[in-house]
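Beneath this line is the structure, given in structure tokens, with notes to follow.
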Amino acid sequence: MKRILQCVLIGFLLIFASCKKDDTRVFSESADVRVQQALNNFQTTLGSATDGWIATIATKEGGGYSFWMQFDDQNRVKMLSDFDSVTTVDVSEASFRLKALQQPTLIFDTYSYIHLLADPNGRVNGGSNGTGLVSDFEFYLTDSALEKINKDPQSITDLNLIGRYNETVLKLKKATTAEKTAYLNRGLYSSIEQILLYQIDHPFVYLKDKAGKVYQVTADPATKKLTLTWVDEDKATYKSCDFAFSLYGMEVLDSLAFNEALISRITFDKKETKLVAQLDNGGIADVLVSDRPIIPAYVALGATFSTIDLPVGSNYAGWSSDFNSRFQKVKANFVATGRTIQNADFVFNVDAKTMDFVVLYLSGTTLFNATFSYNYTMTNDGVFKFNLNTMNGNADLHEDKFDPILADRLNKDTFHLDYYVDDNNGILVSFTSVEHPEFVFTGISQ
Amino acid sequence: MIYTMKKSNWLQIPLFFMLGCVLLFSCRKDTAVDISDLPNLGGDTWSKNNIDEWIHDTLTVPFNIEVKYKFDEFEQSLTRDLTPPKEERVIPVLRILKTVWMDTYMENGGDKFFKTLVPKQIVLVGSASYNSNGTITIGEAEGGKKVLLYEINDLDFKKRDQIIRMMHTVEHEFGHIMHQNKLYDPAFKTICPGGDYTANWANVSAAQAHALGFVTPYASSAYDEDFVETIATLLVEGQAYFDHLVSEQAADGQQKLRAKEDLVVEYFKTKWDIDFRELQKSVYLALEEVAPVPVVPLSDDLSAMGTYHTLYFGNGDFAGNLHGNFDQTLGKVVSAIHNNLGDIADSLYFRFKNADTLLLHWRMHPDDGSNSYYLADIYFHMNKSESGEMKFGAPIIFPNRDGYNGSNASYYKNTMQPFFDYLSNNTFIAKWPNGKPDPFAQIQIGAIYQTDDDASYMQARLGY
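As you go down the protein sequences, you meet chains A and B in turn.
Position one of the first sequence corresponds to residue 1 (the numbering used here), numbered consecutively onward.
Position one of the second sequence corresponds to residue 1 (the numbering used here), numbered consecutively onward.
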């Protein structure tokens, strides 16, 4: 009987405790209502930009892109993009919708310019088949952004959305009326055109920091990558980031450090016809112009080029008369035995510190190869000393024919490697003998 | 409690009574769950535009079909990079679907048949679906309810092969729905030995599959796939394509392909009361409407480089096929061979095996009931102009090189001379009798006209 009472008592306790009838909500509204409210606020925010939004997206594989987007309350979005010359001027109209997935989500749900980046057909965007440039067209609101939107949906001027599939970030910024007018009047096209034309005229531009260190600036419009290259401990070092074109120039989409700040934009100064870098701390820095690469030739060797092709003509741009006459003698030595030099290359291997002087010559109708293999040393300021190591059979056979330039000069002297700028032939690489400054020759870097 | 029951029975009554009371009263809830405001119940909503209206009027109301063209990640693979379709492509694609697939089945199978079986959801995807092995998926169906069509953005509506590819997918998937409702004759599964079916179909070449009696490599993946691939090929690629494919196989492959064709035709008749041949015609005409076949003129197609190399009369079927000057010359030669030499012309082949040569290959048999026969080969040098007009030189016979075929030719030459003269003195051109090939014919008929006389022509079968 005691046990029965115990059982019953425990039963009562359990049942009463478990059936607490308390329907008080933690939140004032049901989850469904709050979700709908969030979506409505999201729509209000997007629609509140009567001049549209300026958006950027940094794809995972294909650089950065910019957009102008205007959302209405009928699920339609108008768009321009810096993707190509058509998308900069032809406004596309497509559909979008807001949907509560795990978070309030903006879905661009029929094809528009933003899908060009994510299209898995590599022919559309130059990316890999199956993934394209690895981008997104469904974006969700982060909790913090949602909080702000719920507080005052009208006042939002900046909004960051995260891609649901590839987690790319879509950064939205409200456009001004002037910006919208510019976008609708080919402003983006003109801005891009200006920079591309400037690049053609000024292939070598750089930044100089407070310490006097120089950084070569390269903006590749095909890959949408902005690269700074500088010399660090006698090695070429670089850092790249995504950029997108805007009405103002090039917007840097992730961090690129310079002068203890980050570069946020490179803009075109129309008055002065120059590029200016704007920094995130409010500072600015002029982008300077050079007639030759900023990275010294001896540092760039092995990085941007490793072969120097010696033209087999005469009096080539940058050749000293001493070199010219010696080289003509070498050629004549060959002609005297019924052979002609076709091609001559200096082939460097910077890892192994070797240089092969490879000469191709015709004997009758057959092409032969004479190779002189050197080891070399290089000082920190780019002075080379070449030491002949081995010769192949043909080189051995014809060694004396090369005496005027090899035995008398290349094998004995030390050399400065530098750029030589020629109006007709572009940027050449020059060798100047330290011991015989009158012995100078140039070649084409490859 | 088991313990108490063992002890004494009377104790159970108040115990259960009490527990019952507690249970009944403790969990009573007065407030009903508020269901008046459940946002988004009933799916996505958006402002409708003309595409939505078109879909509603054309597909949803008559067929109860939902078309999803707006991106919805849950309708497709969650792990693939896909894009939504371009809006301007949605209606044209659906229109093709309706013309080629829906309307033709409605016409031949009837309302009830089609509306019962039609998949209830069509999902359009802009890009292809890229598989990890480098291939792409262009269509999928799920359990007879849903059809996914990919690559809508890349589709070129002017290119027939692309339309064919898409429609093949649709007919394939619809074929599955049909046989899932009414199974085909199990005899179909015995046509090809089980060992010829392979999961490794992607590594089977088209030629290998055809030789084994499959219309496509994919058909060799399973019985059901084989069945629906046969349907889709016969409907979309068409009878002429199928016939050509069959004719290129060895006897074994031919027999298997024809057996499958027969079972498909019979399946439609007995299970669904649909005349498959009529359905084929409807699909053909619909495809002609949306993407007409470019017709290759027979003057190009009957040549060393063309589809056909031979125009031939078999079994002495000259009667009714020779007109005007052809009747006056070739017709009279055939009679003269019989009347003067006592031989019957069985067959005559005009063979265009080389770009600059015509071979007339005759087969005669003596009119005495014996089994012997004689072959005769006569060559003509041929000059073909850009526009396809043919001029022939004098007859050439190689009595030594060609053995009996040559010496027989010499024997018949004088009797045949009037036709040879006719060939050598005029220009000719090959034409399709009705302007284009007959899509349903197992054997195509071609014609050769005297260029300057439309009344003088001969028509005969085309061979390979």
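All C-beta atoms in this analysis are idealised placements derived from N, C-alpha and C, irrespective of residue type, glycine included.
Chain B residues whose Cβ lies nearer than 7 angstroms to that of residue i
i: A/Asp109; result: Lys70, Phe71, Pro84
i: A/Arg84; result: The question names Arg, but residue 84 of chain A is Asp in the sequence shown. Per Cβ cutoff of 7 angstroms: no residues; A/Asp84 is ~16 angstroms from chain B at best.
i: A/Lys99; result: Asp44
i: A/Thr131; result: Asp81
i: A/Gln74; result: Ser47
Chain B contact for residue i (CB, 9 angstroms cutoff)
i: A/Tyr165; result: yes
i: A/Glu138; result: yes
i: A/Asn41; result: no
i: A/Thr379; result: no
i: A/His416; result: no
i: A/Val77; result: no
i: A/Asn150; result: no
i: A/Val214; result: no
i: A/Val8; result: yes
i: A/Asn121; result: yes
i: A/Val134; result: yes
i: A/His436; result: no
i: A/His202; result: no
DSSP three-state assignment for residue i, whether helix, strand or coil
i: A/Phe139; result: strand
i: B/Cys192; result: coil
i: A/Phe28; result: Note on residue identity: the sequence assigns Ser, not Phe, to residue 28 of chain A. Coil, per DSSP.
i: A/Phe71; result: strand
i: A/Asp269; result: strand
i: B/Lys7; result: Any reading at B/Lys7 must be qualified, since the residue scores a pLDDT of 47, below 50, and its modelled position is unreliable; no value is offered.
i: A/Arg97; result: strand
i: B/Gln444; result: coil
i: A/Glu251; result: strand
i: A/Tyr316; result: coil
i: B/Ile2; result: Here B/Ile2 scores only 41 on pLDDT, less than 50, and its place in the model is too uncertain to base an answer on.
i: A/Val287; result: strand
i: B/Gln450; result: strand
i: B/Phe113; result: helix
i: B/Asp343; result: strand
Selected residue, minimal CA-CA separation from residue i, among the options
i: B/Leu358; options: B/Asp196, B/Leu341, B/Asp346, B/His381; result: B/His381
i: A/Leu226; options: A/Ala277, A/Thr273, A/Lys270, A/Ala178; result: A/Ala277
i: A/Leu106; options: B/Asp72, B/Thr415, B/Thr58; result: B/Asp72
i: B/Phe440; options: B/Lys48, B/Asp243, B/Glu173; result: B/Asp243
i: A/Val359; options: A/Arg3, A/Phe305, A/Ile295, A/Gly393; result: A/Gly393
i: A/Phe348; options: A/Tyr206, A/Gln342, A/Phe357, A/Thr340; result: A/Phe357
i: B/Asp327; options: B/Pro418, B/Trp272, B/Pro366; result: B/Pro418
i: B/Arg351; options: B/Val118, B/Asp377, B/Asn408; result: B/Asp377
i: B/Pro437; options: B/Val61, B/Leu298, B/Gln280; result: B/Leu298
i: B/Ser456; options: B/Gly324, B/Tyr411, B/Ala336; result: B/Gly324
i: B/Lys101; options: B/Met166, B/Ile138, B/Lys384, B/Asp161; result: In the sequence as presented, Lys is not what sits at residue 101 of chain B; that position holds Trp. Answer by Cα proximity: B/Met166.
i: A/Thr337; options: A/Gly132, A/Tyr361, A/Phe323, A/Phe327; result: A/Tyr361
i: B/Phe157; options: B/Leu148, B/Asn181, B/Leu94, B/Ala141; result: B/Leu94
i: B/Pro475; options: B/Leu375, B/Ala447, B/Tyr422; result: No statement about residue 475 of chain B is possible, as the shown extent of chain B runs from 1 to 464 and does not include it.
Test: residue i CB closer than 9 angstroms to a CB of chain A
i: B/Trp46; result: yes
i: B/Arg80; result: yes
i: B/Met18; result: yes
i: B/Thr4; result: Interpretation of B/Thr4 is limited by its pLDDT of 41, a score under 50 that renders its predicted location unreliable; no figure is taken from the coordinates.
i: B/Met1; result: Note that B/Met1 scores a pLDDT of 37, beneath 50, so its modelled location is shaky; the value from the coordinates is reported in the next line. True, the Cβ-Cβ gap to chain A drops below 9 angstroms.
Residues that residue i contacts on chain A, provided the C-beta gap is smaller than 8 angstroms
i: B/Phe87; result: The residue you asked about is not Phe; residue 87 of chain B is Glu in the sequence shown. Going along chain A in sequence order, the residues near B/Glu87 (Cβ under 8 angstroms) are Ala94, Ser95, Thr110, Tyr111.
Partners in chain B for residue i, counting only beta-carbon separations shorter than 8 angstroms
i: A/Ala118; result: Asp81, Thr83
Give me the subset of the segment 124-135 of chain B whose CB atoms are less than 9 angstroms from a CB atom of chain A, sorted by chain position.
Gly126, Ser127, Ala128, Ser129, Tyr130, Asn131, Ser132, Gly134
Along the segment 294-308 of chain B, where does the CB come closer than 8 angstroms to a CB of chain A? Name the residues.
none
Contact set between the segment 136-162 of chain B and chain A, restricted to residues whose Cβ is under 8 angstroms from the partner
Asn153, Asp154
By the 9 angstroms beta-carbon criterion, what residues does the segment 42-70 of chain A contribute toward chain B?
none
Residues within the segment 386-402 of chain A neighbouring chain B, beta-carbon criterion of under 8 angstroms:
none
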